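Using this note's numbering, you'd call the opening residue of the sequence shown number 170 and step up by one each time.
All C-beta atoms, glycine included, are put in the ideal place defined by N, C-alpha and C.
All of these numbers come straight from a predicted model, not from anything done at the bench.
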Amino acid sequence: ARRVLLSTKKLPPAQKLPQSHRETDLLLALIEAFKGNGLESKELAQVGIQTGIEIHSPFVEACGWIRMGHAVQLLHKYDSKLAKKCYETALEIMDQIQVERGKAEPLMGLCLLYGCKGEYGRAIEMGMSALQETEKVEDLWLSSLITLSMGIASVYNERFEDAMSYLSKAEKMFDE
170 ARRVLLSTKK LPPAQKLPQS HRETDLLLAL IEAFKGNGLE SKELAQVGIQ TGIEIHSPFV
230 EACGWIRMGH AVQLLHKYDS KLAKKCYETA LEIMDQIQVE RGKAEPLMGL CLLYGCKGEY
290 GRAIEMGMSA LQETEKVEDL WLSSLITLSM GIASVYNERF EDAMSYLSKA EKMFDE
């Protein structure tokens, strides 16, 4: 996916799909976060935020803030409050533009953040809230990622029985 996205960035503007440049950096930011490359993810997320501001697209800007939250969590030089602020900024924007489904990914990020901090109850609460959003629109892919995040939060908090349940469920969902 990364290779394909990078190749589309090199195409002349006439050969690109309209508006694809807006999503490319945000998708790359997510891929880099998944790969554990916090610095690269942060740089791409910043481009996404800036693009959203420049084109007056609150949704694109909010997606940039979400991806910045993921990146900041990976970069241990930042206080976890910064990641939380990124996710909260995205949630505020999604509230303002009334895109409920857009709240799922920042809630997933908060699930992971709270899980890492040992706040298991809050982590699972965020995960359940995120799942409510994706289940409304039958987004199985993001629901799978959220369920996986709940499993990770469970592992961080040594809730291994819960972890196995979430991870098994996530595996089945990814298979689907």
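- prompt: Are L309 and M342 close, meaning C-beta to C-beta below 7 Å?
  reply: yes
- prompt: If you pair each beta-carbon of the stretch 248–256 with each one of the stretch 221–231, do three or more pairs fall below 8 Å?
  reply: no
field: R236 - DSSP class collapsed to helix/strand/coil
entry: helix
message: To the nearest angstrom, how far is the alpha carbon of L126 from that of R172?
response: Outside the modelled stretch of the chain, which goes from 170 to 345, sits residue 126, for which no answer is possible.
field: Separation of M237 from K272, as counted between CA atoms
entry: 15 Å
query: Can you tell me where the alpha helix (DSSP H) with R291 in it begins and where it stops?
result: 289–305
- prompt: If we count Cβ pairs, one from each stretch, closer than 8 Å, do we get three or more for the stretch 313–330 versus the stretch 292–305?
  reply: yes
- prompt: I think P275 touches A259, with their Cβ atoms under 8 Å apart; what is that distance to the nearest whole Å?
  reply: 4 Å
query: Leaving out the 5 sequence neighbours to the left and right, which residues in its chain are closer than 6 Å to A332 when beta-carbon positions are compared?
result: G320, S323, V324
query: Once you ignore the five residues that flank I262 on each side, which residues in its own chain have a CB closer than 6 Å to its CB?
result: P227, A231
Same chain, Cβ closer than 8 Å to L244, five either side skipped, listed in chain order: G207, L208, K211
- prompt: L175 to Q219, Cα distance in whole Å?
  reply: 19 Å
- prompt: By Cβ distance, which residues of its chain are closer than 7 Å to R328, with the 5 residues on each side in sequence left out?
  reply: Y289
- request: Give the single residue among G278, K246, K286, V268 whose Cα lies nearest to the Cα of K305.
  value: V268
- prompt: With C-beta atoms as the reference, is G233 less than 7 Å away from G217?
  reply: yes
- request: State the start and end residues of the unbroken alpha helix (DSSP H) segment that holds Y247.
  value: No alpha helix (DSSP H) contains Y247, which DSSP labels as neither H nor E.
field: Spatial neighbours of E330 in its chain, beta-carbon cut-off 8 Å, leaving aside the 5 residues before and after
entry: none
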